[in-house]
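Here is the structure we will look at, set down as structure tokens.
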Amino acid sequence: MMELTSGQWVRHVVLHPFEGFEDVRWKKAGSVRIACGILALWFLGAVLYSRMYGFQFRATSDKLFNVIPYLVQTVILFLTWTVGNWAVCTLLDGEGTMRNIFVYSAYALVPYVTSLYAETLLSHILIRDEAIFLTIIHDVGLWWSVLLVISAVKTVHQYSVMRTLFAILLTIAAMLAMLFLMVLVLSLFQQVYVFVYSIYTEVVYRFRV
4 MMELTSGQWV
14 RHVVLHPFEG
24 FEDVRWKKAG
34 SVRIACGILA
44 LWFLGAVLYS
54 RMYGFQFRAT
64 SDKLFNVIPY
74 LVQTVILFLT
84 WTVGNWAVCT
94 LLDGEGTMRN
104 IFVYSAYALV
114 PYVTSLYAET
124 LLSHILIRDE
134 AIFLTIIHDV
144 GLWWSVLLVI
154 SAVKTVHQYS
164 VMRTLFAILL
174 TIAAMLAMLF
184 LMVLVLSLFQ
194 QVYVFVYSIY
204 TEVVYRFRV
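Here our numbering is used: the first residue of the sequence shown is 4, the next is one more, and so on.
Structure follows, in structure tokens:
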């Protein structure tokens, strides 16, 4: 089997979606460092796509920048996918470890992340009548990554196609449940914080009076 560098393995996976992950699995060639780099690029790409998109195609909000929504839409969402897929596929006798799920899923994001940067850059070059090219870039990047995610889940857990699709649906359901619980926990902590802070301000006020 071929000998490639870590970066070349990523390109091999992207260009060969059906056998690429199988090759990575047998060579144990996945890199957590590169996977983290891809995740960081996704976060940065999401920020640029939202804040620096060409004004002739989309008006950019002038509101104060807040990094939290972008972290939730990228890093938190991805980690939730990783944990949810590991939990679901453990019950479905999947063979994948959390490390491999993390790495393979990150590799699958490469086309979509690339499309974010390409679309943002071209939005400053193309004219409005050429907007169809931006749509094509976005759709190709998105569906290419979807295909890679399906291939990644199939390979990492050694499932059939139908079992893979079933596992992905259950993972999405698990993600929704986890996100709902996280929202409840954050809401609870916020209420506790407001309660404690109100007591603190009241005590300080009493001492000053």
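Where is the CB? At the ideal position from N, CA and C, for every residue including glycine.
Report the rounded CA-to-CA distance for residue 190 versus residue 96, giving the unit in angstroms. Translated into the one-based positions of the sequence shown, residue 190 becomes position 187. Translated into the one-based positions of the sequence shown, residue 96 becomes position 93. Roughly 35 Å separates the two Cα atoms.
Using only alpha-carbon positions, find the residue among 132, 80, 146 and 154 that is nearest to residue 254. Since the displayed the chain opens at 4 and closes at 212, residue 254 lies outside it and no answer follows.
Straight-line CA distance for residue 14 to residue 203? Here residue 14 refers to the residue found at position 11 of the sequence shown. Here residue 203 refers to the residue found at position 200 of the sequence shown. Counting only the Cα atoms, residue 203 lies some 56 Å from residue 14.
Quick one: measure Cβ to Cβ for residue 113 and residue 48, integer angstroms, because I've assumed they're closer than 8 Å. The sequence position of residue 113 within the sequence shown is 110, counting from 1. The sequence position of residue 48 within the sequence shown is 45, counting from 1. Between residue 113 and residue 48 a beta carbon distance of about 11 Å is seen, past the 8 Å cut, so the two are scored as non-contacting.
Should the segment 19 to 34 be called in touch with the segment 135 to 154, which here means at least 3 C-beta pairs below 8 Å? yes
Taking Cβ to Cβ, would you say residue 162 is nearer than 8 Å to residue 170? Here residue 162 refers to the residue found at position 159 when the sequence shown is read from its first residue. Here residue 170 refers to the residue found at position 167 when the sequence shown is read from its first residue. Yes, the pair counts as a contact, with Cβ atoms nearer than the cut-off.
Spatial distance of residue 44 from residue 9 (CA atoms): What you label residue 44 is simply residue 41 of the sequence shown in a count that begins at 1. What you label residue 9 is simply residue 6 of the sequence shown in a count that begins at 1. For residue 44 and residue 9, the distance between alpha carbons rounds to 17 Å.
Span of the alpha helix (DSSP H), counted from its first residue to its last, around residue 33: What you label residue 33 is simply residue 30 of the sequence shown in a count that begins at 1. That residue, residue 33, is in no alpha helix (DSSP H); it is neither H nor E in DSSP.
Between which two residues does the alpha helix (DSSP H) holding residue 148 run? Counting from one through the sequence shown, the residue named residue 148 turns up at place 145. Here the alpha helix (DSSP H) through residue 148 covers 134 to 160.
Does the Cβ-Cβ distance between residue 276 and residue 119 come in under 8 Å? Nothing in the structure corresponds to residue 276, since the chain is present only between 4 and 212.
Backbone CA spacing between residue 91 and residue 129 [nearest angstrom]: Position 88 of the sequence shown, counted from the first residue, corresponds to residue 91. Position 126 of the sequence shown, counted from the first residue, corresponds to residue 129. If I take the Cα positions, the gap works out to 44 Å.
Alpha helix (DSSP H) segments (min. 4 residues) lying fully within the segment 71 to 137: 71 to 74, 80 to 94, 101 to 111 and 113 to 125
For residue 35 and residue 12, believed in contact at Cβ under 8 Å, the rounded distance: Walking along the sequence shown from the start, residue 12 turns up at place 9. Walking along the sequence shown from the start, residue 35 turns up at place 32. Contact between residue 12 and residue 35 fails: their C-beta atoms lie close to 13 Å from each other, not under 8 Å.
Give the secondary structure of residue 61 by DSSP, where H, G and I count as helix, E and B as strand, and everything else as coil. In the sequence shown, the residue the question calls residue 61 occupies position 58. Coil, per DSSP.
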